[in-house]
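2 protein chains.
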Amino acid sequence: MLERTHLTVVQAVDEHGSLTAAAKELCVTQSALSHTMRKLEDNLGTPIWLREGRSLRLTQAGQYLLSIANRVLPQLHYAENKLHQMAKGELGTLRIGMECHPCYQWLLKVVSPFLEAWPNVDVDVKQKFQFGGVGALLSYEIDLLVTPDPFYKSGLSFEPVFDYEQVLIVPNDHTLATRKYINAADLRDQVLLTYPVEPDRLDIYTQFLNPAGVIPKRHKTSETTDIMLQMVASGRGVAALPRWLAEEYCRKFPLSVVRLGKSGIDKQIYLGTRETDNDVEYLKAFIELARSYKHQRANKESLTDKKN
Amino acid sequence: MLERTHLTVVQAVDEHGSLTAAAKELCVTQSALSHTMRKLEDNLGTPIWLREGRSLRLTQAGQYLLSIANRVLPQLHYAENKLHQMAKGELGTLRIGMECHPCYQWLLKVVSPFLEAWPNVDVDVKQKFQFGGVGALLSYEIDLLVTPDPFYKSGLSFEPVFDYEQVLIVPNDHTLATRKYINAADLRDQVLLTYPVEPDRLDIYTQFLNPAGVIPKRHKTSETTDIMLQMVASGRGVAALPRWLAEEYCRKFPLSVVRLGKSGIDKQIYLGTRETDNDVEYLKAFIELARSYKHQRANKESLTDKKN
DNA sequence: ACCTATCGATTAATTTTATTCATAGATAGT
DNA sequence: ACTATCTATGAATAAAATTAATCGATAGGT
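First to last, the protein sequences are chains A and B.
Take the first sequence: its letter number 303 is residue 552 in my numbering, and every next letter is one higher.
Take the second sequence: its letter number 136 is residue 385 in my numbering, and every next letter is one higher.
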């Protein structure tokens with residue numbers, strides 16, 4: 250009943266001084282505005298303007314209506330703008346879900362250039378999902394899943410964006426420190442430090458220890474990578490980490506990296522999305538950024554390899 | 250482009266769970282809503298809902314739109330309500346203009362019962378007018394003029410609401426205190442206290458002193474009635490006031506009232522309004538209240554007279 | 001595994017609404 | 001007094017919203 254047009258007309262008349270001028274501004278005839286506002290006045294039961302000769306003077310109701318127009322119209326304009334930006338995929342919230350700890354370390358590297366490139370897009374990172382990461386993706390709890398386990402299913406698409414080797418990290422003076430690689434049996438009398446998750450979600454168990462039927466001497470957990478590696482550095486145990494991350498810590502602490510098994514444990518990080526989101530610009534951009542980060546790192550690593 | 254309907258529909262769908270339910274609520278067909286929202290989605294370039302089987306799920310844009318709806322719609326509802334109240338004359342601001350000091354004293358008496366009776370109507374009192382009180386009335390600066398000088402002109406109507414006698418107030422021990430009435434010449438050697446306005450707007454000059462060609466010994470001014478009468482009480486001069494006001498002060502201070510001239514100076518207070526405002530309920534109510542106050546006071550006075 | 005009820009989308013027809021056109025009435029300025 | 005410039009108005013027209021009828025999809029019951 251009180252429509253946006255009415256507010257627009259009141260505002261335009263106030264700004265341009267007359268119905269005629271307002272009509273020109275709004276690209277309609279003066280008659281149209283006259284009819285429109287007359288109808289509103291009839292509905293409200295009060296005039297908006299007093300007609301004095303050939304000019305209009307706002308009544309009290311009209312003044313109030315003008316104040317409403319000046320308050321509400323900007324809100325609508327702003328909303329329209331935002332919606333258009335959202336439509337163009339320039340604005341929104343990228344809700345990222347994660348299913349592994351190494352993913353988190355990797356994610357931190359990619360998120361910051363993304364935030365810079367897309368100042369109007371927020372990033373939300375979630376880690377707990379009632380029905381798993383894929384469930385969260387399918388139920389629109391998240392828009393992007395970072396996971397080591399692609400789960401091919403219609404409606405979803407997964408893409409590997411990062412390859413890494415899972416390695417053992419030990420103190421420099423550890424008996425295993427100089428080994429080219431270790432076997433599962435070598436961990437039988439070691440204390441193993443991991444993140445506090447179930448062993449069947451830890452690659453070192455599923456891909457290394459379990460197949461060989463080996464159980465380490467003890468298993469301790471640590472929430473954070475820093476604490477974990479400080480414990481490793483002080484000889485309290487050994488830990489498994491992505492090589493790129495382990496090497497970073499080798500610079501900070503007296504630690505060494507050892508391959509797990511003769512050919513190593515190779516892992517990938519995948520990004521999962523809904524196919525319905527294929528045209529969301531900032532999502533595509535994030536994946537592109539993730540891809541380029543992978544290559545950049547690959548180049549770096551080959552350089553380091555040569556140095557060694 | 251982003252219309253009120255769109256907001257209403259988004260809100261209704263959120264509240265009732267489906268387009269169909271929302272349509273029933275809004276008393277239109279489901280088809281109508283489907284068309285309306287489809288058009289909006291086309292305009293924005295982004296869907297508001299994801300169609301999943303037979304249910305709708307808000308997109309990010311949709312969630313934003315819903316938040317806008319929840320913010321903006323109440324504003325419009327509230328505005329509509331207020332406008333309807335204004336239309337019924339139950340709401341507004343009564344802007345009162347005043348042209349004389351006694352008017353102000355009288356006004357105070359009438360305004361408070363009015364404010365009680367019309368809790369939704371505000372009262373604004375103004376005293377300075379570039380083009381006089383009538384000008385202020387005609388230019389919609391005020392809605393009601395309280396004045397001793399009716400100015401009959403087409404478009405305006407004046408109504409007397411209060412009769413009073415302008416009297417001289419003197420200290421109890423003053424030489425004039427016991428006189429039945431005084432002549433202009435009696436003020437020749439008195440100090441006259443008045444409000445600080447031009448003498449041609451003071452009745453004691455225009456209707457009493459000037460006709461007799463008398464000028465008082467001295468003329469002092471005071472902004473407030475209280476101070477003025479304290480000065481009178483301490484023998485610094487004499488003042489002219491409406492009788493009803495003077496008698497009130499006689500109870501507080503040792504003061505006496507003396508008639509000005511043999512038959513006294515009779516004055517009226519008029520209320521002036523624009524004829525276009527004839528159907529403004531609260532304006533009519535104010536005038537009615539003013540009238541009733543006049544009668545009430547008249548009765549009181551006649552009672553006091555009998556006692557004396 | 002098959003009905004059935006229900007949901008949203010769609011097309012064409014229809015109704016309602018908004019807008020224009022043409023013109024009258026009023027008025028401020030020259 | 002004349003003219004230009006307002007707003008209002010009624011009828012005609014254009015545009016938009018709404019409906020009716022129907023389709024395809026799907027969740028839930030049997």
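Even for Gly, the Cβ is constructed at its ideal location relative to N, Cα and C.
Within the model, the alpha-carbon separation for residue 421 (chain A) versus residue 514 (chain A) is close to 21 Å. The beta carbon of residue 317 (chain B) sits closer than 9 Å to some beta carbon of chain A. Fewer than three Cβ pairs drawn from the stretch 346–353 of chain A and the stretch 313–331 of chain A lie within less than 8 Å of each other, which leaves the two stretches out of contact. A direct Cα-Cα distance of roughly 55 Å separates residue 490 (chain B) from residue 252 (chain A). Distance from the CA atom of residue 507 (chain B) to the CA atom of residue 356 (chain B), rounded to whole angstroms, is 24 Å. Taken atom to atom, the span from the alpha-carbon of residue 535 (chain A) to that of residue 345 (chain A) is near 11 Å. Between residue 338 (chain B) and residue 528 (chain B), the C-beta spacing is below 9 Å.
Selection B:250, B:492, B:475 evaluated against residue 416 (chain B) yields B:492 as nearest (Cα-Cα). Taking the Cβ atoms as the reference, residue 309 (chain B) lies roughly 5 Å from residue 341 (chain A), within the contact range of under 8 Å. In this structure, residue 419 (chain A) and residue 463 (chain A) do not form a Cβ contact; the two beta carbons are roughly 16 Å apart against a cut-off of 8 Å.
With contacts defined as CB atoms closer than 9 Å, residue 520 (chain B) and residue 395 (chain B) qualify as a contacting pair.
Residue contact check for residue 522 (chain B) against chain A: no CB pair falls below 9 Å.
From the beta-carbon of residue 309 (chain B), the residues of chain A found nearer than 7 Å are 335, 341, 342. Closest option to residue 402 (chain A), judged by alpha-carbon separation, among A:411, A:517, A:384, A:392: A:384.
Annotation: residue 269 (chain A) to residue 368 (chain B) spans about 39 Å, alpha carbon to alpha carbon. When Cβ-Cβ separations below 9 Å define contact, residue 321 (chain B) makes contact with chain A.
Between residue 307 (chain A) and residue 538 (chain B), the alpha-carbon positions lie close to 28 Å from each other. The beta carbon of residue 324 (chain A) falls within 9 Å of a beta carbon belonging to chain B, placing the residue at that interface. Beta-bridge partners assigned by DSSP to residue 347 (chain A): A:395.
Residue 494 (chain A) carries a helical assignment under DSSP once its states are collapsed to helix, strand and coil.
Under the 10 Å beta carbon count, residue 326 (chain B) is surrounded by fewer than 16 other beta carbons and is classified as exposed. Here residue 477 (chain A) has 442, 471, 488 as same chain residues with Cβ atoms under 6 Å from its own Cβ, once five neighbours each way along the sequence are excluded.
The beta carbons of residue 525 (chain A) and residue 532 (chain A) sit about 11 Å from each other, so the pair does not count as a contact at 8 Å.
Close CB contacts of residue 391 (chain B) within its chain, under the 7 Å cut and outside five residues either way in sequence, are with 344, 345, 346, 375, 385 (chain order). Taking 8 Å as the Cβ-Cβ cut-off, the stretch 285–307 of chain B approaches chain A at 293, 294, 295, 299, 306, given in chain order. Distance from the Cα of residue 428 (chain B) is smallest, within the candidate group B:275, B:511, B:282, for B:511.
A Cβ-Cβ contact shorter than 9 Å links residue 278 (chain A) with residue 272 (chain A). Counting only Cβ-Cβ distances below 8 Å, residue 525 (chain B) has contacts in chain A at 299, in chain order. Where residue 475 (chain A) is concerned, the enclosing alpha helix (DSSP H) starts and stops at 474–482. Judged by beta-carbon spacing, residue 482 (chain B) lies beyond the 9 Å limit of residue 457 (chain B), meaning their Cβ atoms are not closer than that value.
If you look at residue 327 (chain A), you'll find it in the alpha helix (DSSP H) that goes 309–336. The beta carbon of residue 275 (chain A) sits no closer than 9 Å to any beta carbon of chain B.
In the three-state reduction of the DSSP assignment, residue 464 (chain B) falls in the coil class, being assigned neither a helical nor a strand state. Excluding residues up to 5 positions away in sequence, 442, 471, 486 lie with their Cβ nearer than 7 Å to the Cβ of residue 480 (chain B) in the same chain. Around the Cβ of residue 262 (chain B), a 10 Å sphere holds 16 or more other Cβ atoms; the residue is buried.
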